[in-house]
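This report refers to the structure that appears directly beneath it.
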Amino acid sequence: MATTSFTKKSLGFDVEPAVTPPPASAETSFLKKPKLGGKQRKKDIPEGLWTKCPKCETMVFDKELDENLKVCPKCSHHFPISARERIHSLVETCSFEEMDAEMTSVDVLQFTGVASYKDKLDAYQKTTGSKDAVITGIGKIGDFRVGLGVMDFAFLGGSMGSVVGEKLTRLIEGSTDRGLPVIIISTSGGARMYEGMFSLMQMAKTCAALAYHAKAKLPYVSILTHPTTAGVMASYASVGDLILAEPAAMIGFAGPRVIKDTTQAELPPGFQTAEFLLDHGLIDSIVPRKEMKDRLIYYLDFLTEGKRQVAPPAK
Ligand SMILES: [Zn+2]
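Position in the sequence shown (from 1) plus 135 gives the number in the working numbering.
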């Protein structure tokens, strides 16, 4: 069952991205991959103690990895991190007020593949403890109150369905009303195929809300983490006033194989990595996870300075 792919030990990304349906010929290998990976890992690693870094192959003590915000202490490889852990690493203690925590998707299309959409939702809600693939709320980062949305790849590949779109839209609109900056941390395989067109509509909806937010002269910081692709990258993730990324994050629209087949051209080395996109001007800065909070405070200070200047001087 696919849910076993998302145990704490399975930190790889060879899991179901839930973007667009794979071609029929690829279906079997697509579905089997997480199972095989899971079994292999179980043999190699004692459960619950150590994690093998996929980049430098060092065995890292789990506690050390947690304390280091899921970054390999030897080679700085950034492991996936859950949305809640990420929020915890950024906001001031007890300052985060979650919004719309109970919002869940409805199986409008009555989608049934290998498992029904409803069964999938139930399974991922159990394994992640969240109702969908994004957590939103208002919190304090340093002295700045911000609207914060954080996606979770562990929930159906961080796919964007109507709940992700609606929660982010409410976050953005709520932040506009309150005069707050918005920060969205993305990780996603793209639009959620189980919701068809309803997923795609979220692209326009979130961007429209961001346009009103921008009109109110409020800053929006988009943070891209591994991987940010497809419909999410093609909408709110790529329209930040400031676009940051974690090191080595895979960022793109279609996968490299599709692009190579379509263009019939060799892709340059490092294609679709954060570093490549920084060189080509899409990303403003690459920020290691452990520096993210300090850098956000610095940027928020810079981006909101104009507002603070017009406020009456403190006595
Ligand atoms: Zn490493």
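Ideal Cβ positions, reconstructed from N, Cα and C, are used throughout, including at glycine.
Cβ pair residue i, residue j closer than 9 Å
i	j	result
Thr364	Met385	yes
Cys191	Lys209	yes
Pro391	Ala409	no
Ala344	Glu308	yes
Thr186	Phe214	yes
Leu306	Gly282	yes
Ser79	Asp267	Missing from the structure shown is residue 79; the chain here goes from 136 to 450 and no further.
Leu353	Asp419	no
Asp197	Gly183	yes
Gly293	Ser321	yes
Opening and closing residue of the beta strand (DSSP E) in which residue i lies
i	result
Ser321	Val317 to Ser323
Glu232	Glu232 to Met234
Thr271	Val269 to Ile276
Met286	Phe279 to Met286
Phe437	Where Phe437 is concerned, there is no enclosing beta strand (DSSP E), although the alpha helix (DSSP H) it sits in stretches over Met427 to Leu438.
Distance between beta carbons of residue j and residue i, contact taken as under 8 Å
i	j	result
Val298	Met238	5 Å
Leu417	Pro316	At roughly 21 Å, the Cβ-Cβ gap does not stay under 8 Å, so Leu417 and Pro316 are not in contact.
Thr311	His348	5 Å
Asp242	Thr263	Rounded, the Cβ-Cβ distance is 18 Å, inconsistent with contact.
Ile276	Ile394	36 Å between Cβ atoms; not a contact.
Ala218	Ser265	7 Å
Val356	Gly331	With 8 Å as the limit, Val356 and Gly331 do not qualify as a contact, their Cβ atoms being about 31 Å apart.
Residue i beta carbon near ligand 1 (any heavy atom closer than 8 Å)
i	result
Lys425	no
Thr364	no
Lys190	yes
Lys209	yes
His415	no
His212	yes
Thr397	no
Val299	no
Thr304	no
Val285	no
Val281	no
Thr408	no
Thr193	yes
Which listed residue (the options) has its alpha carbon closest to that of residue i
i	options	result
Pro189	Lys205, Leu225 and Lys261	Lys205
Leu430	Ile358, Ala409 and Val374	The amino acid at residue 430 is misidentified as Leu; the sequence shows Arg. Of the candidates Ile358, Ala409 and Val374, the one whose C-alpha sits nearest the C-alpha of Arg430 is Ile358.
Ile222	Asp197, Val249 and Val269	Val269
Leu438	Phe279, Lys255, Ser265 and Tyr259	Phe279
Phe290	Phe246, Ser323, Met336 and His348	Ser323
Leu413	Pro354, Ser373, Ala389 and Cys342	Ser373
Gln337	Thr311, Ile318, Met368 and Ala349	Met368
Ser370	Leu200, Leu335 and Ile318	Leu335
Gln245	Ile394, Thr341, Cys342 and Tyr329	Tyr329
Leu272	Lys253, Ile318 and Gln260	The sequence given here has Gly at residue 272, not Leu. Answer by Cα proximity: Ile318.
Glu301	Gly292, Gly314, Cys342 and Arg313	Cys342
Tyr252	Gly296, Ile421 and Leu200	Gly296
Glu227	Gly248, Val422, Gly387 and Gly274	Gly274
His415	Gly405, Ile320, Arg424 and Pro423	Gly405
Gly314	Gly292, Gly293, Leu379 and Ala351	Ala351
Leu303	Phe388, Val422 and Met234	Met234
Unbroken alpha helix (DSSP H) run spanning residue i, endpoints
i	result
His356	The identity of residue 356 in the sequence shown is Val, whereas the question assumes His. Careful: Val356 lies outside any alpha helix (DSSP H), inside the beta strand (DSSP E) at Tyr355 to Thr363.
Met332	Gly331 to Lys350
Ala409	Ala409 to Asp414
Ala218	Ala218 to Leu225
Thr263	Tyr252 to Thr263
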